[in-house]
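The structure under discussion appears below in the form of structure tokens.
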Amino acid sequence: MTQPERPTPARRAVLGAAGAAVLGGSTVLAGGTAQAVQSAVTPTRGQEGDQGQDRGQGQGHGKGRGYRTLPYPTVIAHRGASGYRPEHTLGSYQLALDMGAHVVEQDLVPTKDGHLVCRHENDITGTTDVADHPEFASRKTTKTVDGVALAGWFTEDFTLAELKTLRATERIPAIRQKNTLYNGRWTVPTFEEVLRWAEDEGRRRGREVWLHVETKHPTYFRSIGLGLEERLAKLLRRYGRHRADSPVFLQSFEPGSIQRLARLVDSPRVVLFDAAATRPWDFVVAGDPRTVADLVTPKGLREIASYAQGIGPTMDLILPRDASGRLGTETSLVRDAHKAGLILHPYTMRNENNFLPAEYRRGTDPAAYGDAFGLLRRYFDTGIDGIFSDNADTALLAAADYAAAHHR
20 MTQPERPTPA
30 RRAVLGAAGA
40 AVLGGSTVLA
50 GGTAQAVQSA
60 VTPTRGQEGD
70 QGQDRGQGQG
80 HGKGRGYRTL
90 PYPTVIAHRG
100 ASGYRPEHTL
110 GSYQLALDMG
120 AHVVEQDLVP
130 TKDGHLVCRH
140 ENDITGTTDV
150 ADHPEFASRK
160 TTKTVDGVAL
170 AGWFTEDFTL
180 AELKTLRATE
190 RIPAIRQKNT
200 LYNGRWTVPT
210 FEEVLRWAED
220 EGRRRGREVW
230 LHVETKHPTY
240 FRSIGLGLEE
250 RLAKLLRRYG
260 RHRADSPVFL
270 QSFEPGSIQR
280 LARLVDSPRV
290 VLFDAAATRP
300 WDFVVAGDPR
310 TVADLVTPKG
320 LREIASYAQG
330 IGPTMDLILP
340 RDASGRLGTE
350 TSLVRDAHKA
360 GLILHPYTMR
370 NENNFLPAEY
380 RRGTDPAAYG
390 DAFGLLRRYF
400 DTGIDGIFSD
410 NADTALLAAA
420 DYAAAHHR
């Protein structure tokens with residue numbers, strides 16, 4: 020049971036107008052809320068001279084002025100506006116963009132016939148209505164993906180045409196009951212559909228639309244003949260997002276996938292990190308004994324900087340939590356990464372108590388909002404360049420507050 024939410028007037032303005040936009044109304048927010056938030060957040064450090072210019076205006080077809088011109092702190096809409104809509108849908112992406120998100124994220128997995136589609140996982144049991152389709156009952160199976168046994172339905176067992184008969188649903192309905200209102204409203208988008216959407220929105224808005232694109236389980240998919248990187252690179256070249264100044268980040272938890280992409284395109288690249296004791300799956304397969312803890316050392320970061328422009332660590336690698344669930348002592352990762360010339364886009368900021376450190380929770384309802392602004396302020400104090408957030412509107416307001424307080 021979810022405690023009734025008490026949105027602030029600013030949040031009501033953002034969500035009300037943006038929600039109307041996604042449902043077919045105007046995509047200009049009431050009172051210019053998103054524009055006001057955007058203008059309050061200055062470009063990345065060292066780019067102050069770019070203020071007042073419309074980033075990428077008139078560039079067209081995927082061209083941009085490079086990731087160093089993004090606002091600081093950068094707000095990346097995690098799977099779109101996934102705090103308010105079922106994740107990885109065009110509705111979620113559109114709402115995030117209408118809120119003013121600087122970058123919108125996609126995770127990519129393949130279909131049986133080789134199309135790249137946007138899902139956080141190839142297991143679509145919890146993010147589509149596939150279980151309600153008797154014609155696909157026989158497709159339910161158990162697979163081992165990256166060493167984990169999973170029972171369900173998987174994108175690689177469906178053609179694109181079959182997948183398009185399914186509808187997207189909310190992934191965590193126990194926490195986000197309100198999002199279930201939108202179950203069935205959207206299909207699973209292909210990445211090419213997202214690229215076309217970004218081009219159309221960029222032309223309409225007069226500025227490039229930034230994407231943050233992850234290859235999911237690339238070693239696994241290559242092992243079954245559905246390699247991701249070449250398919251992704253082909254689409255990036257087709258839509259002009261293969262250049263060093265293109266408005267796109269390419270990301271993966273497998274360093275080998277990023278190295279492969281570096282040989283195919285010049286788009287900016289980010290290596291993602293899970294917990295310190297974990298090993299990237301391509302390392303496991305190759306017999307490389309190094310863990311994430313080895314990769315986040317100064318030596319490991321210098322190596323990553325030879326083929327990537329940034330890292331995307333879990334925030335726990337920057338601000339670990341202690342046994343009581345409270346934030347502990349900050350590590351040197353931000354300083355070490357910046358010294359190696361890498362930007363940091365850590366993950367993931369969510370507003371609900373369920374996901375927050377103990378001292379930022381408010382009340383006992385896991386679905387109620389905690390002190391998200393206080394936590395974001397603490398995160399920005401570490402010097403990170405941006406953050407993935409399920410609630411772009413909240414993160415944008417916090418980023419604007421932070422930029423104003425620090426005269427950036």
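20 is the number of the first residue of the sequence shown in this note's numbering; add one for each residue after it. Here a beta-carbon is modelled for each residue, glycine too, at the ideal position from N, C-alpha and C.
{"Query": "Whole-number beta carbon distance between Ile406 and Pro365, since they are thought to touch under 8 Å", "Result": "6 Å"}
{"Query": "Three-state secondary structure assigned by DSSP to Val164", "Result": "strand"}
{"Query": "As assigned by DSSP and simplified to three states, the class of Trp205", "Result": "coil"}
{"Query": "Three or more C-beta pairs below 8 Å linking the stretch 81–101 and the stretch 142–152", "Result": "no"}
{"Query": "Residue burial classification, Thr163 (beta-carbon count within 10 angstroms, cutoff 16)", "Result": "exposed"}
{"Query": "Through-space distance from Val311 to Thr108, alpha-carbon basis", "Result": "31 Å"}
{"Query": "Paired residues, beta bridge with Gln278 - DSSP", "Result": "According to DSSP, Gln278 bridges with nothing at all."}
{"Query": "Residue interval of the alpha helix (DSSP H) (run including Pro317)", "Result": "317–323"}
{"Query": "Bridge-paired residues (DSSP) for Ile330", "Result": "Val290, Leu363"}
{"Query": "Nearest-angstrom beta carbon gap, Leu127 and Leu135 [assumed within contact, 8 Å]", "Result": "5 Å"}
{"Query": "Buried or exposed (CB count within 10 angstroms, at least 16 for buried), His121", "Result": "buried"}
{"Query": "Euclidean distance between Cα positions of Pro385 and Arg262", "Result": "43 Å"}
{"Query": "Inside the stretch 221–273 only - beta strand (DSSP E) runs reaching at least 3 residues", "Result": "229–234, 267–271"}
{"Query": "Check whether Thr188 and Leu182 have beta carbons under 8 Å apart", "Result": "no"}
{"Query": "Test item: CB-CB of Glu249 and Ser276 under 8 Å", "Result": "no"}
{"Query": "Delimiting residues of the beta strand (DSSP E) encompassing Gln125", "Result": "122–129"}
{"Query": "DSSP beta-bridge partners of Ile406", "Result": "Val94"}
{"Query": "Cβ-based neighbour list, Val284, same chain, cut-off 6 Å, excluding 5 preceding and 5 following", "Result": "Ala252, Leu255, His261"}
{"Query": "Inter-residue spacing [alpha-carbon to alpha-carbon] between Ala423 and Gly119", "Result": "17 Å"}
{"Query": "Inside the stretch 144–191 only - alpha helix (DSSP H) runs reaching at least 4 residues", "Result": "179–182"}
{"Query": "Boundaries (first-last residue) of the alpha helix (DSSP H) holding Leu314", "Result": "311–314"}
{"Query": "Under the three-state DSSP convention, the category Asp335 falls into", "Result": "helix"}
{"Query": "Beta carbon of Thr130 nearer than 8 Å to that of Leu179", "Result": "yes"}
{"Query": "Collapsed DSSP secondary structure at Asp420 in the structure displayed", "Result": "helix"}
{"Query": "Straight-line Cα distance separating Asp341 from Gly393", "Result": "18 Å"}
{"Query": "Pairwise C-alpha distance: Leu114 and Arg222", "Result": "17 Å"}
{"Query": "Pairwise C-alpha distance: Arg257 and Ala377", "Result": "47 Å"}
{"Query": "Assigned exposure category for Glu371 - 16 Cβ within 10 Å defines buried", "Result": "buried"}
{"Query": "Backbone secondary structure at Gln70 - three-state DSSP", "Result": "Residue placement at Gln70 cannot be trusted, given a pLDDT of 31 that sits under 50; what the coordinates show is reported in the next sentence. Coil, per DSSP."}
{"Query": "Residue burial classification, Val213 (beta-carbon count within 10 angstroms, cutoff 16)", "Result": "buried"}
{"Query": "Gly360 to Ser157 span [Cα, whole Å]", "Result": "50 Å"}
{"Query": "Leu89, enclosing alpha helix (DSSP H) - first and last residue", "Result": "Looking at the DSSP string, Leu89 is not in any alpha helix (DSSP H), and its letter there is neither H nor E."}
{"Query": "Thr199 versus Trp216: straight-line alpha-carbon distance, rounded", "Result": "24 Å"}
{"Query": "Three-state secondary structure assigned by DSSP to Arg340", "Result": "strand"}
{"Query": "Helix, strand or coil at Leu346 according to DSSP, with G and I counted as helix", "Result": "strand"}
{"Query": "Neighbour-count burial assignment, Glu154, 16 or more Cβ in a 10 Å radius", "Result": "exposed"}
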